[in-house]
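Q:
Residue numbers (the numbering used here): 3 to 197.
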């Protein structure tokens, strides 16, 4: 005879409710941005009362802050070519699995200064790591270009959906980007002044 499953504790129930609310918030912030997202819409999507959202998170700002917490992808150390390859691997994952928290930040940063600050803070460690891995006088510019390509590809695929990029396989996208990433990460500068 099997034991009946134990009912979740209050702490477990609260954690489950919080996770449901955060998942709904990520999705709605990603779809609508910060300005157009409401606590009521998040509560409805999570299947809870708006008062419970406020009880757990206190305000829309605090809910947004928790919903968009994005752990920075830590690129492994190594040669600039290895770091470029790790960046491509990270991008492949984000092309396959829609990064709701990143998208919520990306969409919201255009109308909300706090979101813009959060997005910059989340990306800074990876940008610094890229810069350090590139052994060229214009490493800052090259790292910035790599970062811009990654953000542009993610925005086009998941938010804008204007081109065939939205439907292309992640492997096809990565294969086409690889020579560009390798060139930016490893080739010596060809012209212009180093930054």
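Cβ coordinates follow ideal geometry from the N, Cα and C atoms, glycine included.
With residue 70 as the anchor, note down where its alpha helix (DSSP H) starts and where it stops.
A: Element bounds for residue 70: n/a, residue is neither H nor E.
Q: In its own chain, which residues sit with a C-beta less than 7 angstroms from the C-beta of residue 113, not counting the 5 before and 5 after it?
A: 35, 36, 37.
Q: From the DSSP output, in three-state form, read off residue 92 for me.
A: Helix.
Q: Taking 8 angstroms as the cut-off, decide whether the C-beta atoms of residue 82 and residue 136 are in contact.
A: Contact flag set, yes.
Q: Less than 8 angstroms between the beta carbons of residue 172 and residue 97, yes or no?
A: Closer than 8 angstroms, so yes.
Q: Under a three-way DSSP split, which group does residue 164 fall into?
A: Residue 164: coil per DSSP, three-state reduction.
Q: Can you grab the Cα-Cα spacing for the pair residue 111 / residue 100, in whole Å?
A: Taking the straight line from one Cα to the other gives about 18 angstroms.
Q: Quick one: Cα of residue 51 to Cα of residue 9, how far?
A: Whole-angstrom Cα-Cα distance: 22 angstroms.
Q: Kindly indicate which three-state DSSP category residue 65 falls into: helix, strand or coil?
A: In the structure shown, residue 65 sits in a helix (DSSP, three-state: H, G or I).
Q: How is the alpha helix (DSSP H) around residue 125 delimited, first residue to last?
A: 115–135 is the span of the alpha helix (DSSP H), which, as asked, contains residue 125.
Q: Within a Cβ cutoff of 8 angstroms, which residues of the same chain sit near residue 63, ignoring the five residues on either side of it in sequence?
A: These residues qualify, in order along the chain: 116.
Q: Anyone know if the C-beta pair for residue 103 and residue 134 falls short of 8 angstroms?
A: It is not a contact, given that the beta carbons lie outside the stated cut-off.
Q: Helix, strand or coil for residue 111? Go by DSSP, reduced to three states.
A: Looking at residue 111 - three-state DSSP - the assignment turns out to be coil, as it is neither helix nor strand.
Q: Taking residue 47 as the reference, give the member of 21, 141, 91, 86 with the closest Cα.
A: Ranking 21, 141, 91, 86 by Cα distance to residue 47 puts 21 first.
Q: Let me confirm a value: residue 17 is counted as buried when at least 16 other C-beta atoms fall within 10 Å, else exposed. Which label applies?
A: Exposed: under 16 other Cβ atoms inside 10 Å.
Q: Quick one: Cα of residue 121 to Cα of residue 108, how far?
A: Approximately 7 angstroms, taken between the alpha carbons.
Q: Just mark residue 86 as buried or exposed, buried being the case when its beta carbon has 16 or more other beta carbons within 10 Å.
A: It counts as buried.
Q: Please state the DSSP three-state secondary structure of residue 50.
A: DSSP places residue 50 in coil when its eight states are reduced to three.
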